[in-house]
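The structure under discussion appears below in the form of structure tokens.
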Amino acid sequence: MKKSEIRKKILKIRSQKNNDKFILNPSYIFKVLKKKKIIGKNLGGYYPYNYEVETMEILEKFEKQGYKLSLPKIKSKFQMDFFKWSFNDPLEINKYGIPEPVSKKIKFPDIFLVPLVAFDNRLNRIGYGGGFYDKTLQYLHSKNNKIISIGVAFK
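Using this note's numbering, read the sequence shown as starting at 3 and increasing by one per residue.
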């Protein structure tokens, strides 16, 4: 099956399920980051869209633990930059209907939550097919080869 067929099938299933009750448990992530002594760094998240895993509660818990937050803003040519954001800061809706930070202060993450449409047994990701996150991950790794990316998907 082609990636595009898998993506279409999974997105259809996700749209039909009620995932409102699904909450991501951050305790395992906290434990791994603490073990690696990565505390209080910048966490790049995303605002859930199109039936993605809800991440706002986990971002709030990370912020309460002293982590700085950043969210992406979509640029042209399928690229994103990350901007400093806090739960006290406003968001604005972009042309895709996705909330983005109003902040103008670019802040690239040390830890990056990446939304996935699906993944395989070897943990290869399937995204939406636009390349936004693939290009962003490649760029972030070129800036900081120690960045930790954590894929977030329904099982």
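Note that beta-carbon positions come from the ideal geometry of N, C-alpha and C, so glycine has one too.
From a predicted model like this one, the values you see are computed outputs, not experimental measurements.
C-alpha distance - residue i paired with residue j, whole-angstrom precision
i: residue 19; j: residue 74; result: 26 Å
i: residue 112; j: residue 51; result: 23 Å
i: residue 17; j: residue 61; result: 23 Å
i: residue 8; j: residue 132; result: 15 Å
i: residue 78; j: residue 139; result: 16 Å
i: residue 1; j: residue 126; result: Outside the modelled stretch of the chain, which goes from 3 to 157, sits residue 1, for which no answer is possible.
i: residue 104; j: residue 31; result: 28 Å
i: residue 15; j: residue 94; result: 29 Å
i: residue 149; j: residue 141; result: 11 Å
i: residue 10; j: residue 154; result: 18 Å
i: residue 90; j: residue 38; result: 29 Å
i: residue 57; j: residue 44; result: 15 Å
i: residue 42; j: residue 67; result: 7 Å
i: residue 53; j: residue 59; result: 15 Å
i: residue 92; j: residue 40; result: 27 Å
i: residue 124; j: residue 106; result: 37 Å
Contacts around residue i, its chain only, beta-carbon distance under 8 Å, and the 5 residues preceding and following it disregarded
i: residue 96; result: 75, 76 and 102
i: residue 12; result: 119, 120 and 128
i: residue 98; result: 51 and 76
Neighbour-count burial assignment, residue i, 16 or more Cβ in a 10 Å radius
i: residue 117; result: buried
i: residue 34; result: exposed
i: residue 49; result: buried
i: residue 82; result: buried
i: residue 69; result: buried
Whether residue i touches residue j by CB criterion (8 Å)
i: residue 72; j: residue 46; result: yes
i: residue 100; j: residue 85; result: no
i: residue 129; j: residue 136; result: yes
i: residue 151; j: residue 114; result: yes
i: residue 134; j: residue 55; result: no
i: residue 110; j: residue 147; result: no
Spatial neighbours of residue i in its chain, beta-carbon cut-off 7 Å, leaving aside the 5 residues before and after
i: residue 88; result: 65 and 71
i: residue 36; result: none
i: residue 3; result: none
Sequence-distant residues of its chain with Cβ nearer than 6 Å to residue i (five each side left out)
i: residue 63; result: 28
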